[in-house]
Amino acid sequence: MKHITKVRELYEETIHWISESEDSWKNFLSCMGRLYQLDFLNTCMVYAQRPDASVLAGYDAWLEMDLPVARGSKGIAVFPSKIFGEGVTHVYDIQDVKGQGIRPWNWQVNGTNRRLLARELFPEIYEQEKKFSLNEKVNSTF
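Just so we're aligned, residue 1 is where the sequence shown starts under this note's numbering, counting upward by one.
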């Protein structure tokens with residue numbers, strides 16, 4: 001019960017903290033963008049403990065990728081979810097792992113995938129590319 005109270009307090013403090021200023025909110029949204037697969041609650045929990053986190057997984061998931069968590073790394077407390085599983089209560093950022101395994105990456109829009117992304121996001125516009133500057137639409141969106 002003590003743990004639940006502590007987690008609730010951390011969540012409430014974080015909500016207050018991110019809503020204090022425009023910069024705080026922008027920093028939180030930047031974190032949320034990196035952790036787009038998380039729900040709001042877990043994003044708040046991660047942001048409170050490790051605002052620079054980018055790629056998260058549980059201890060066993062990192063081991064399966066041949067990327068063991070470095071000794072002394074501190075886990076990030078999260079709530080059980082579909083992404084982390086019902087039993088996982090702590091995750092680790094990619095900065096906490098070592099080893100020669102294949103490192104996962106976060107996607108980004110670049111010259112290589114821009115047209116493919118545009119075709120998926122704006123199919124009706126993609127077909128009429130000569131009448132509409134697709135690059136303008138993509139650039140204004142991202």
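Don't be surprised by glycine CBs; every beta carbon is placed ideally from N, CA and C. All of these numbers come straight from a predicted model, not from anything done at the bench.
Taking the beta carbon of residue i as the centre, do at least 16 other beta carbons fall within 10 Å, making it buried, or is it exposed?
i, result
"residue 50", "buried"
"residue 92", "buried"
"residue 14", "buried"
"residue 70", "exposed"
"residue 23", "exposed"
"residue 58", "buried"
"residue 5", "exposed"
Can you name the start and end residues of the beta strand (DSSP E) that residue i belongs to?
i, result
"residue 92", "90-93"
Hey, could you find the ends of the alpha helix (DSSP H) residue i is sitting in?
i, result
"residue 46", "40-49"
"residue 71", "First-last for residue 71: undefined, no H or E at that position."
"residue 155", "With the chain covering 1 to 142 only, the question about residue 155 has no answer from this structure."
Just list the residues that DSSP pairs residue i with in beta bridges.
i, result
"residue 57", "92"
"residue 76", "91"
"residue 97", "69"
Please work out which residues of its chain come closer than 7 Å, Cβ to Cβ, to residue i, disregarding the five sequence neighbours upstream and downstream, and give them in chain order.
i, result
"residue 100", "66"
"residue 77", "7, 45, 49, 89 and 90"
"residue 54", "34, 93, 94 and 106"
By Cβ distance below 6 Å, which residues in the same chain neighbour residue i in space, the five residues on each side in sequence not counted?
i, result
"residue 166", "Because the chain spans 1 through 142 in this model, residue 166 falls outside it and cannot be assessed."
"residue 10", "48"
So, for residue i: in the same chain, excluding its five sequence neighbours on each side, which residues have a beta-carbon less than 8 Å away from its beta-carbon?
i, result
"residue 25", "18 and 19"
Report the CB separation of residue i from residue j in whole angstroms; it is logged as a contact under 8 Å.
i, j, result
"residue 150", "residue 68", "Not covered by the structure: residue 150. The range shown for the chain is 1 to 142."
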